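Mapping of the sequence shown onto the numbering used here: position 142 corresponds to residue 146, and the numbering continues sequentially without gaps.
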Amino acid sequence: MDILFNNGINFVVFFQGMGDWLIPPMKFFSFLGSEDFFILILPILYWSIDTGLGLRVGMILLFTGGINNILKLSFQWPRPYWYSAKVTPMAAETSFGLPSGHSQTAASVWGMVAGYYRRARAWVAAVLLVLFIGLSRLYLGVHFPHDVLTGWLIGGLILWAFLRYWDSVAAWAKTLTFGKQIGAAFLLSGGLVLVGGLIVTGLSGWTMPVEWMQNAARAGDELPAPVSMNSLLTTTGALFGLLTGLAWMEQRGGYDASGLAWKRAVRYLIGLVGIAIFYIGLKMIFPSGENLTAYAFRFVRYTLVGAWISGGAPWMFITLQLANNPKR
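Listed below in structure tokens is the structure:
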């Protein structure tokens, strides 16, 4: 492994040596693969542009995120700036490095957008975004080349599976009763939590090498805490909420994102207030930490965020006559 890591360090150091002028564009592309970006973009897709696309993006975003969290915990591999002081840390991350979450998410999500529109220019744009997001993670010193390549591979496989089986799985889900739909959603998200929980339990005695921690401290931000369930509970809670809200809304006739431009804009602004209440407001109230109680409240908080996006907010928009119910 030392050969793999050392060669990766040499590549990252060479890339960073190309100059500081790359910092702004690389941070920009890194943002396009971040959780914060998708928190902003997913709601506007679902509420105000195309509900079908928003659902697909939300589903693949959260599923690939859950898989990525499990794989990181399984490998327990370092990030370049943890491993070597030769690397300049231009960002800080608290989780393990393999596979790159940004690269995996970019391949899955932007590939899904391109697959939805089925246009050559959409695929070209998606490939370029995936490429530059991956490169940005190398330049910022937070990933090795093998992290990025593995992320692209896994993200591509998940994308293929979604494009191949989406229609058949969606048709099957529509045949289920509401209760069974909720049960299936819980089995999916709960299964991911169970796998991650078993891995974390097995890592109860794991400690981060002192050298890694000392190197990581140079980033001047939050220190690594890689053996954690928090990220996995974020994605799985939101996934369960998204599917639950969708099933609940379908019982009431569904939701259509079309409409006048001003109504679409107002929907987004109102909806963001709800996200802020659940995402930020409940964070201030609910307990935090690495214990079962905090984990349970975190899952609930993100379940509410997901359910608000696919159920609560659309119902409010229809009630306020800002959107239409397609089955009325």
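Backbone N, C-alpha and C fix where the C-beta goes; we use that ideal spot for every residue, glycine too. Keep in mind it's a predicted model, so treat the numbers as computed, not measured.
For residue i, the nearest candidate out of the options (CA to CA)
i: PRO228; options: ILE27, PRO84, GLU97; result: GLU97
i: LEU296; options: VAL204, ALA317, ASP151; result: VAL204
i: LYS90; options: LEU276, VAL17, GLY62, TRP252; result: VAL17
i: SER107; options: HIS150, ALA188, LEU167; result: HIS150
i: VAL131; options: VAL117, LEU144, ALA221; result: VAL117
i: MET5; options: PHE41, GLN80, GLY58, ASP260; result: GLN80
i: ILE301; options: TRP170, PHE290, SER262, LEU133; result: Before going further, note that residue 301 is Phe rather than Ile in the sequence given. It is PHE290 whose Cα lies nearest to the Cα of PHE301.
i: THR179; options: TRP114, GLN255, TYR120, PHE166; result: GLN255
i: LEU77; options: GLY69, PHE67, SER99; result: SER99
i: TRP114; options: ALA177, ILE45, MET253, ASN73; result: ILE45
i: MET320; options: TYR259, ILE162, ASP171; result: TYR259
i: LEU264; options: ASP24, GLN325, TYR169; result: GLN325
i: GLU39; options: VAL304, GLU294, GLY293, TYR283; result: TYR283
i: ARG141; options: GLY195, GLY101, ALA129, GLY23; result: GLY101
Burial state of residue i, where buried means 16 or more other Cβ atoms lie within 10 Å
i: GLN185; result: buried
i: TYR143; result: buried
i: MET63; result: buried
i: PRO330; result: exposed
i: MET217; result: exposed
i: LEU133; result: buried
i: TRP210; result: exposed
i: PRO28; result: exposed
i: PRO318; result: buried
i: GLY206; result: exposed
i: ILE322; result: buried
i: MET288; result: exposed
i: ARG122; result: exposed
i: ALA174; result: exposed
i: ILE279; result: buried
i: GLY316; result: buried
i: ALA251; result: buried
i: MET253; result: buried
i: ILE281; result: exposed
i: LEU191; result: exposed
Same chain only: Cβ atoms within 6 Å of residue i, ignoring 5 sequence neighbours per side
i: TYR306; result: THR238, GLY241, ALA242
i: SER88; result: ILE13
i: MET94; result: LEU144, GLY145
i: PHE15; result: PRO149
i: TRP86; result: TRP216, ASN219, ALA220
i: TYR169; result: none
i: TRP127; result: ALA118
i: ILE162; result: THR68, SER112
Distance CB(residue i)-CB(residue j) smaller than 8 Å
i: ALA223; j: ARG271; result: no
i: SER314; j: GLY249; result: yes
i: HIS147; j: ARG60; result: no
i: LEU65; j: PHE41; result: no
i: GLY119; j: LEU157; result: no
i: GLY70; j: ALA111; result: no
i: THR92; j: GLN20; result: yes
i: PRO103; j: LEU75; result: yes
i: GLY159; j: THR55; result: no
i: ASN72; j: GLY37; result: no
Distance cut-off 7 Å: residue i Cβ against heavy atoms of the ligand NAD
i: TRP170; result: Here there are no bound small molecules, and the ligand NAD is not part of this structure.
Sequence-distant residues of its chain with Cβ nearer than 7 Å to residue i (five each side left out)
i: THR181; result: none
i: GLY245; result: TYR306, THR307, LEU308, VAL309, GLY310, ALA311
i: LEU247; result: ALA189
i: GLU294; result: SER232
i: SER208; result: none
i: GLU226; result: ALA96, THR98
i: TYR299; result: MET233, LEU237
Within-8 Å CB hit, residue i to chain B
i: GLY245; result: Judged by its chain identifiers, the structure shown contains no chain B, having just a single protein chain.
Beta-carbon contacts of residue i that lie in its chain and below 8 Å, excluding the five residues immediately before and after
i: ARG268; result: TRP51, SER52, ILE53, ALA261
Would you call the stretch 9 to 27 and the stretch 229 to 239 in contact, with 3 or more CB pairs under 8 Å? Between the stretch 9 to 27 and the stretch 229 to 239 there are fewer than three inter-stretch CB-CB distances shorter than 8 Å, so the stretches are not counted as touching.
Tell me whether the stretch 20 to 37 and the stretch 122 to 140 touch, counting them as touching only if at least three CB pairs, one residue from each stretch, are closer than 8 Å. Under the three-pair Cβ rule at 8 Å, the stretch 20 to 37 counts as touching the stretch 122 to 140.
Given 8 Å as the limit, is there contact between the stretch 144 to 164 and the stretch 193 to 209, that is, 3 or more CB pairs closer than that? No contact exists between the stretch 144 to 164 and the stretch 193 to 209.
Is it a yes or a no for the stretch 44 to 53 touching the stretch 269 to 287, going by three-plus beta-carbon pairs under 8 Å? Result yes; three or more Cβ-Cβ pairs closer than 8 Å.
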